[in-house]
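J.: In this note's numbering, the protein residues as written are 905 to 1316.
Each residue gets a CB set at the ideal place from its N, CA and C atoms; glycine is no exception.
Please read through the structure below; I'll follow up with questions.
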Amino acid sequence: MLLGAIGDDFTGSGDLGNTLARAGMRVVQYCGVPTGPSDPSVEAGIVSLKSRTIPPDEAVTQSLAALEWLLAQGCQQIVFKYCSTFDSTPEGNIGPVITALADRLNAEHVIVCPSFPGAGRTVYQGHLFVVDQLLSESGMKDHPLTPMTDPDIRRCLARQTDLPVGHLPHSVVRRGADAIKTAIGEKQGRQLIIVDATTEEDLYQIGYASADLPLITGGSGIAMGLPHNFRHAGVLGEDETRWQGSKGPCVILSGSCSQMTRQQVATHIETHPGLFINIDDVLDGKTTPQTVSDWLLAQEGTPIVYSTTDPQTILAVQERHGRSRAASAIENLFAAVAVDVVAKGVTRLITAGGETSGAVIEALAPETLEIGPEIAAGVPALKAGPLTIALKSGNFGEAGFFEIAAEKLGGS
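Pasting the structure below:
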């Protein structure tokens, strides 16, 4: 294994896998830390965790366990992948995890770059933008678990770590890999370096400049240039795998409440069966995994079950039941539903929302996920035995994403 990665959720790990697979690497996504060795043919291994919103000490423990396994497989470089909207409150764990990984790897300089222009996320002057809005003015300000109120990634990271935080501006990045590499080396006393990136070409150049760094961190875009480095070194083989989809029944489980997911749900239920999940009914026991599963299996087409709703409704639910209890109720419901419908013959499964996707994958417990073709920017088709899966982060994809994903999961 050449490249090892640690993802803080399952959707983002698939996003990273998509980036590396498109560049010709043989990629496997592992669901949790494996207990045995990897297949010798794997060139990039991604250990996906469900650690984005857990306490920092737990996230550090899990991430270090993943790191030790990846190092044991021979990985020459490590990527820590977090969300391209830097989903993390001041009490979050991105900083603590980076600090722990850097310490274990003796990393003198660590790039921090959540930029992913393909999904509209860019970093400029140390600030994170979502399309043309500052992060704090985008829909992320209303995220139910990690509301983002500060777009300055330098400040966000500094609140979470004692390591000194520096900044490499776009004026340097646009001059290319050599300039970036030189500037990183000159950042004396600045161990964590926020790097601007507004285009995919910026990310390629940052990747080329990172060939000798033991640890890089960011969104999936930060890995775009890394396969080139291994190919240039003569150690990256050709990928000759062929994707084979599944033709069986398809269902959709949506727990995301992002602006784009709300639009995607509205588009899908115009032509397919849809069932809205009221969290009050779940907590009262009126809606159970069995009733939801029975409804899904009785439908024609590509049915969707969704708790997706607007920020005002989410806030009211959280005020009644508490943020954690409301989120857990939906995650547990969808996880149980997924297990039941797959056991009863569903072979294509689409989930929307990072926490929802993580809960579903943990419940299904596949050991590995094969990375297939891209469905939308940042969203690959995945395969675990006869089951094909799409794990969509909240704001990814266009309005007709669910229809496209169902078709792609059934393709070859």
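Quick check on the DSSP output: the alpha helix (DSSP H) that includes E1104 runs from which residue to which?
T.: Stepping through the sequence shown from its first residue, residue 1104 is reached at position 200. Note, E1104: alpha helix (DSSP H), 1104-1113.
J.: I need the straight-line Cα distance from D1054 to S1040, nearest angstrom please.
T.: Position 150 of the sequence shown holds residue 1054. Position 136 of the sequence shown holds residue 1040. So the two alpha carbons sit approximately 5 angstroms from each other.
J.: Measuring only the C-alpha atoms, how far is H1317 from T1292?
T.: Coverage of the chain is limited to positions 905 through 1316, which leaves residue 1317 absent and any answer about it impossible.
J.: With burial defined as no fewer than 16 other Cβ atoms inside 10 Å of the residue's Cβ, what is the status of S1075: buried or exposed?
T.: Position 171 of the sequence shown holds residue 1075. Label assigned to S1075: exposed.
J.: Give me the Cα-Cα distance between I1110 and I1002, rounded to the nearest whole angstrom.
T.: Here residue 1110 corresponds to residue number 206 of the sequence shown, with the count starting at 1. Here residue 1002 corresponds to residue number 98 of the sequence shown, with the count starting at 1. Roughly 18 angstroms between the two C-alpha positions.
J.: Give a yes or no on whether the C-beta atoms belonging to V1196 and V1246 are separated by under 9 angstroms.
T.: In the sequence shown, residue 1196 corresponds to position 292, counting from 1. In the sequence shown, residue 1246 corresponds to position 342, counting from 1. No, the pair does not count as a contact, with Cβ atoms beyond the cut-off.
J.: Roughly how many angstroms separate the alpha carbons of H1071 and E1090, rounded to a whole number?
T.: Walking along the sequence shown from the start, residue 1071 turns up at place 167. Walking along the sequence shown from the start, residue 1090 turns up at place 186. Cα to Cα, the separation comes out at about 12 angstroms.
J.: Just reading off the alpha helix (DSSP H) that H1071 is part of, what are its end residues?
T.: By one-based count along the sequence shown, residue 1071 stands at place 167. Run containing H1071: none in the alpha helix (DSSP H); it sits in the beta strand (DSSP E), 1069-1072.
J.: F899: which of V1014, S942, A1239, D1116 sits nearest, CA to CA?
T.: No statement about residue 899 is possible, as the shown extent of the chain runs from 905 to 1316 and does not include it.
J.: Which one or two residues does DSSP pair with R1031 in a beta bridge?
T.: Taking the first residue of the sequence shown as position 1, residue 1031 is located at position 127. The question names Arg, yet the displayed sequence has His at residue 1031. BP columns for H1031 point to Y1028, D1056.
J.: Sorted by chain position, which residues of the same chain lie with C-beta nearer than 7 angstroms to V1007's C-beta, five sequence neighbours on each side aside?
T.: By 1-based counting over the sequence shown, the position of residue 1007 is 103. At residue 1007 the sequence reads Asp, which differs from the Val that was named. Cβ within range, chain order: n/a, list empty.
J.: Would you tell me roughly how many angstroms separate the C-alpha atoms of A1083 and M929, rounded to the nearest one?
T.: Counting from one through the sequence shown, the residue named residue 1083 turns up at place 179. Counting from one through the sequence shown, the residue named residue 929 turns up at place 25. The straight-line gap from Cα to Cα measures roughly 27 angstroms.
J.: Thinking R1252 and D1214 are a contact (beta carbons under 8 angstroms), I'd like their distance in whole angstroms, please.
T.: Position 348 of the sequence shown, counted from the start, is the residue given in the question as residue 1252. Position 310 of the sequence shown, counted from the start, is the residue given in the question as residue 1214. About 28 angstroms separates the two Cβ atoms, so there is no contact after all.
J.: Any idea what DSSP makes of S967, helix, strand or coil?
T.: The residue given as residue 967 occupies position 63 in the sequence shown. The answer is helix: DSSP assigns S967 an H, G or I state.
J.: Whose CA, out of D991, Q1163, V1069, lies closest to the CA of E1259?
T.: Taking the sequence shown and counting its residues from 1, one reaches residue 1259 at position 355. It is D991.
J.: Using the rule of at least 16 other Cβ atoms within 10 Å of the residue's Cβ for burial, across every protein chain shown, is A1113 buried or exposed?
T.: Locating residue 1113 in the sequence shown gives position 209, counting from the first residue. Buried, by the Cβ-count rule.
J.: As an exercise, report each continuous beta strand (DSSP E) stretch of at least 3 residues that is fully enclosed by the region 927-962, in chain order.
T.: List check, beta strand (DSSP E) in window: 931-935, 948-952.
J.: K985: buried (16+ other C-beta within 10 angstroms of its C-beta) or exposed?
T.: If you number the sequence shown from 1, residue 985 lands on position 81. Its Cβ being crowded by 16 or more others within 10 Å, K985 is buried.
J.: Are the region 953-961 and the region 1147-1162 touching by the rule of at least three beta carbon pairs closer than 8 angstroms?
T.: Segments in contact, no.
J.: Is any heavy atom in the ligand FMN found nearer than 8 angstroms to the beta carbon of N1182?
T.: No copy of the ligand FMN appears in this structure; indeed no ligand is present at all.
J.: Please specify which runs of the beta strand (DSSP E), each continuous and at least 3 residues long, are wholly inside the region 1171-1224, giving them in chain order.
T.: If we require 3 residues or more, the beta strand (DSSP E) runs fully inside the region 1171-1224 come out as 1178-1180, 1208-1210.
J.: Could you tell me which whole beta strand (DSSP E) segments of length 3 or greater appear in the region 967-1022?
T.: The region 967-1022 contains these whole beta strand (DSSP E) runs: 981-985, 1014-1017.
J.: Let me know the secondary structure DSSP gives K1248 once reduced to three states.
T.: As a position in the sequence shown, residue 1248 is number 344, starting the count at 1. Correct three-state label for K1248: coil.
J.: Considering only residues of the same chain and omitting the five flanking positions on each side of G1122, which have a CB-CB separation below 6 angstroms?
T.: For the purposes of this step, residue 1122 is identified with residue 218 of the sequence shown, where counting begins at 1. Counting only Cβ-Cβ distances below 6 angstroms, and skipping sequence neighbours, we find C1017, P1018.
J.: Can you tell me which residues form a DSSP beta bridge with T1292?
T.: Numbered from its first residue, the sequence shown carries residue 1292 at position 388. Paired residues: R1252, K1287.
J.: Could you tell me the alpha carbon to alpha carbon distance between V1264 and F1238, rounded to whole angstroms?
T.: For the purposes of this step, residue 1264 is taken as residue 360 along the sequence shown, with counting starting at 1. For the purposes of this step, residue 1238 is taken as residue 334 along the sequence shown, with counting starting at 1. Roughly 7 angstroms separates the two Cα atoms.
J.: Got a sec, what are the start and stop residues for the beta strand (DSSP E) P1277 sits in?
T.: In the sequence shown, counting from the first residue as 1, residue 1277 sits at position 373. Here the beta strand (DSSP E) through P1277 covers 1272-1280.
J.: So what does DSSP say about Q1148, is it helix, strand or coil?
T.: If you number the sequence shown from 1, residue 1148 lands on position 244. Q1148: coil per DSSP, three-state reduction.
J.: Within 10 angstroms of the Cβ of S1042, are there 16 or more other Cβ atoms? Answer buried if so, exposed if not.
T.: The residue labelled residue 1042 in the question sits at position 138 within the sequence shown. Under this definition S1042 is a buried residue.
J.: Within 10 angstroms of its Cβ, does H1136 collect 16 or more other Cβ (buried), or is it exposed?
T.: Here residue 1136 refers to the residue found at position 232 of the sequence shown. Exposed is the call here.
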